[in-house]
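Peer 1: Letter by letter, the sequence shown follows residues 4 to 478 of this note's numbering.
Note that the Cβ used here is the ideal one computed from N, Cα and C, for glycine as well.
Can you keep this structure in mind? I'll have questions shortly.
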Amino acid sequence: SLHESGFGNIIVQPNVKKALEYYIQAATKQHEPSMMKVGEILGGMLGCHEEAIHWFKKTSRSYPENVMAKVMLISYELQGFDCGLSVESNKDTSNFKLLRHIVAQYNTDESNQEDLLQDKEEEEEEENPLSRRRNELCSKKNGMGHAYYILGQCYEFGRGTSVDLLASIDAYEIAVSSCDHIDAMWRLGMVYSYRFDDDSSALDWFRKASEKARHRDSHYQLGLFHLRGRGGLEINLAAAKRYFTKAAEQNHAMATYELARILWTIDSSHLKAYELFERAAQQNVPGALCHLGHFSYTGLYYRSICVVEKDLQKAFAYYSEAAQAGDPIAALMVGSHFEDKGNLDRALQWYESSYRLGGGGLAELAIGKIKHCMSQTDPHAQEEAIAWFESAAADDMLKRQSVFSAHVMIALYHLNGWGNRDKDSQKGFQMLLKIANMGGTEVFSLLAECYKEGIGKEHHQDNTSNLEKAASDEA
């Protein structure tokens, strides 16, 4: 235990592997708490789940009253491991019933248990049956708390039963009241925030989990709340950075990524941000992989020192990996790669993938452009293209960023009567003029051509010359 947690100046740094060695020595002598510790460390810290299951099974067989061992095996079964608990075809239903059976037996003699737990007799623990019984009851409370936590997850996600969010809240709250279950506090925050849109209640639970323990998922959520000004909070980048740092120190992948973004965009700590993007990418965070793609695409320099060399092949590899992991911007970049090579079909596939991933107006614009190019061989493609352009033109993000490409294409469709639209040169001209007035310099040459040829407007030499000069200057 000292090696697991550290002990003052004697054992300064926790040493999990050393702790595990000592726990195993005690566990082989049938020491019940050590047997459980071996399972917890193997599964929770080292990811050796099959070995953890072995120890939980062994504990359950040697100590049939150990509730936590049974609950841990049920938890593993719900994660897809075969712990031999069920012979039914639907294991989720079987495990849910088993959980219900365990919690149904709880509190049968609760009043007596509470009396024992509150007993204040001060005798040596190893010689005091009452003290030993009190420890057993505490252990059972922890086991039952975890049972209610797993039961809450069954209700929240519909594992072995139908989704019932109110029942999940009840189960999580019992888990908290039973043993201050930290993960149950976190799940309560998640349910209130993302299922009931009650950020105020969610914030309370995330804070409780954060204050009770160094709970990395709750630190991450608190970082998001401060970053976005949720739950009645003001946007506070310093607080967001602090919470993301706490979570990142515990190897939380998304917190590492969000911290990298703050360091890059706000603090301009580019070298540290790059290191964090790399760490997050190693944990397969799509956005981090996409950022590494950007760095390889353009090259990255820090104080005239090359940190990342420009390497288009490596950039494409990062973008591909990020896109496959679900990043919409990376999918656009992969599509752009194929478009540049003239492979419109592959480009369209990736642009459509970006749209499905939430690429929004950028994906719609890219699809529209590909459809427009395809219209040379497919007359119906123009009708599809204009529909995509119109959808992209309504995108709020493109409006905020003053991206007018979709509006320009719509104007051209009206000027030329493309996409089964009635040719309306005056409407097209007015649309181009509006874009120019909004700062869209890319339409200057088009407007100059309209004035020159009298398209949608009478010929006007002065306007033509001025716009041609402006277009030339812009170029």
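Leaving out the 5 sequence neighbours to the left and right, which residues in its chain are closer than 6 Å to Ile-105 when beta-carbon positions are compared?
Peer 2: Within the same chain, Ile-105 has close Cβ partners Ala-150.
Peer 1: What did DSSP end up calling Tyr-66 once you bin it into helix, strand or coil?
Peer 2: Coil at Tyr-66, not helix or strand.
Peer 1: For His-222 versus Tyr-246, is the C-beta distance shorter than 7 Å?
Peer 2: A contact, by the Cβ cut-off of 7 Å.
Peer 1: With a threshold of 16 other CB atoms inside 10 Å of the CB of Val-194, please say whether the residue is buried or exposed.
Peer 2: By the 10 Å Cβ count, Val-194 comes out buried.
Peer 1: What did DSSP end up calling Tyr-109 once you bin it into helix, strand or coil?
Peer 2: Looking at Tyr-109 - three-state DSSP - the assignment turns out to be coil, as it is neither helix nor strand.
Peer 1: Is it buried or exposed, Glu-261, if we count other Cβ atoms within 10 angstroms and call 16 or more buried?
Peer 2: It is buried - the Cβ of Glu-261 has at least 16 other Cβ atoms within 10 Å.
Peer 1: Is it true that the region 317-333 meets the region 279-298, where meeting means three or more beta-carbon pairs spaced less than 8 Å apart?
Peer 2: Yes: at least three Cβ pairs fall under 8 Å.
Peer 1: By a C-beta neighbour count over all protein chains shown, 10 Å radius and 16 as the cutoff for buried, is Leu-315 buried or exposed?
Peer 2: Exposed is the call here.
Peer 1: Would the beta-carbon of Ile-373 fall within 7 Å of that of Leu-347?
Peer 2: Their beta carbons are under 7 Å apart, which means Ile-373 touches Leu-347 by this criterion.
Peer 1: Return helix, strand or coil for Ile-308, following the three-state DSSP convention.
Peer 2: Correct three-state label for Ile-308: strand.
Peer 1: Would Ala-328 and Pro-382 qualify as a contact pair, given that the criterion is a beta-carbon distance under 7 Å?
Peer 2: Cβ distance not < 7 Å, so Ala-328 and Pro-382 don't count as in contact.
Peer 1: In this structure, how does DSSP classify Leu-347 when only helix, strand and coil are distinguished?
Peer 2: Reduced to three states, the DSSP call for Leu-347 is helix.
Peer 1: Does the Cβ-Cβ distance between Gly-234 and Leu-266 come in under 7 Å?
Peer 2: Going by C-beta atoms, Gly-234 is not nearer than 7 Å to Leu-266.
Peer 1: With a Cβ-Cβ cutoff of 7 Å, do Val-41 and Gly-146 count as a contact?
Peer 2: Going by C-beta atoms, Val-41 is not nearer than 7 Å to Gly-146.
Peer 1: Opposite Leu-303 in the DSSP bridges: which residues?
Peer 2: Answer is Val-311, bridged to Leu-303.
Peer 1: Just the C-alpha distance for Ile-413 and Ala-326, rounded to the nearest angstrom, thanks.
Peer 2: Spanning the two alpha carbons is a distance of roughly 29 Å.
Peer 1: Whole angstroms are fine: how far does the CA of Ala-366 sit from the CA of Tyr-158?
Peer 2: Cα-Cα distance, rounded: 37 Å.
Peer 1: I need the DSSP call for Arg-210, collapsed to helix, strand or coil.
Peer 2: DSSP places Arg-210 in helix when its eight states are reduced to three.
Peer 1: Cβ atoms of Leu-449 and Leu-436: under 7 Å apart, would you say?
Peer 2: Not a contact, by the Cβ cut-off of 7 Å.
Peer 1: Please name the residue, chosen from Phe-319, Ala-283, Ala-284, Asn-287, that lies closest to Tyr-300 on a Cα-to-Cα basis.
Peer 2: For Tyr-300, the nearest C-alpha among the options comes from Phe-319.
Peer 1: Beta-carbon separation of Leu-45 and Ile-77 under 7 Å?
Peer 2: It is not a contact, given that the beta carbons lie outside the stated cut-off.
Peer 1: Determine, using beta carbons only, whether Ala-242 and His-229 come nearer to each other than 7 Å.
Peer 2: Against a cut-off of 7 Å, the Cβ pair of His-229 and Ala-242 comes out as a contact.
Peer 1: Assuming Lys-144 contacts Ser-181 (C-beta within less than 8 Å), just tell me the rounded distance between them.
Peer 2: 5 Å between Cβ atoms; contact.
Peer 1: Measure from the alpha carbon of Tyr-358 to the alpha carbon of each residue in Trp-391, Phe-99, Ser-378, then state which is nearest.
Peer 2: Answer by Cα proximity: Trp-391.
Peer 1: Looking at the secondary structure, which residues open and close the alpha helix (DSSP H) in which Thr-189 lies?
Peer 2: The residue you asked about is not Thr; residue 189 is Trp in the sequence shown. Element bounds for Trp-189: 185-197.
Peer 1: Roughly how many whole angstroms lie between the Cα atoms of Thr-62 and Glu-53?
Peer 2: Their backbone Cα atoms lie some 14 Å apart in a straight line.
Peer 1: Give the single residue among Tyr-66, His-57, Ala-396 whose Cα lies nearest to the Cα of Ser-408.
Peer 2: Checking every option, the nearest Cα to that of Ser-408 belongs to Ala-396.
Peer 1: Starting from the Cα of Ile-458, find the closest Cα among Asp-220, Ile-438, Phe-432, Thr-380 and give me that residue.
Peer 2: For the residues Asp-220, Ile-438, Phe-432, Thr-380, the minimum Cα distance to Ile-458 belongs to Phe-432.
Peer 1: Take Leu-23 and list the residues in its own chain whose beta-carbon comes closer than 6 Å to its own, dropping the five residues that flank it on each side.
Peer 2: Ile-44.
Peer 1: How many whole angstroms separate the CB atoms of Glu-355 and Ile-370, which I take to be in contact at a CB cut-off of 8 Å?
Peer 2: Going by Cβ atoms, the distance from Glu-355 to Ile-370 rounds to 6 Å, so yes, they are a contact pair.
Peer 1: Checking 7 Å against the spacing of the C-beta atoms, do Arg-422 and Ile-389 come in under that value?
Peer 2: Here residue 422 is Gly; the residue named in the question, Arg, does not match the sequence. Against a cut-off of 7 Å, the Cβ pair of Ile-389 and Gly-422 comes out as a contact.
Peer 1: Only counting the same chain, and skipping five residues up and downstream in sequence, which positions put a Cβ closer than 7 Å to that of Ala-187?
Peer 2: Counting only Cβ-Cβ distances below 7 Å, and skipping sequence neighbours, we find Tyr-152, Gly-155, Tyr-175, Ala-178, Val-179.
Peer 1: Just the Cα atoms here: how many angstroms apart are Glu-124 and Lys-275?
Peer 2: Confidence at Glu-124 is low in this model, with a pLDDT of 46, below 50, so the placement of that residue should be treated as unreliable; the coordinate-derived value is given next. Looking at the two C-alpha atoms, the distance is approximately 56 Å.
Peer 1: Note the first and the last residue of the continuous alpha helix (DSSP H) segment covering Met-377.
Peer 2: Looking at the DSSP string, the run of the alpha helix (DSSP H) that includes Met-377 is 363-377.
Peer 1: Quick check on this structure: which residue in Gly-161, Gly-338, Glu-214, Arg-219 has the alpha carbon closest to the alpha carbon of His-255?
Peer 2: Cα-wise, what sits closest to His-255 is Arg-219.
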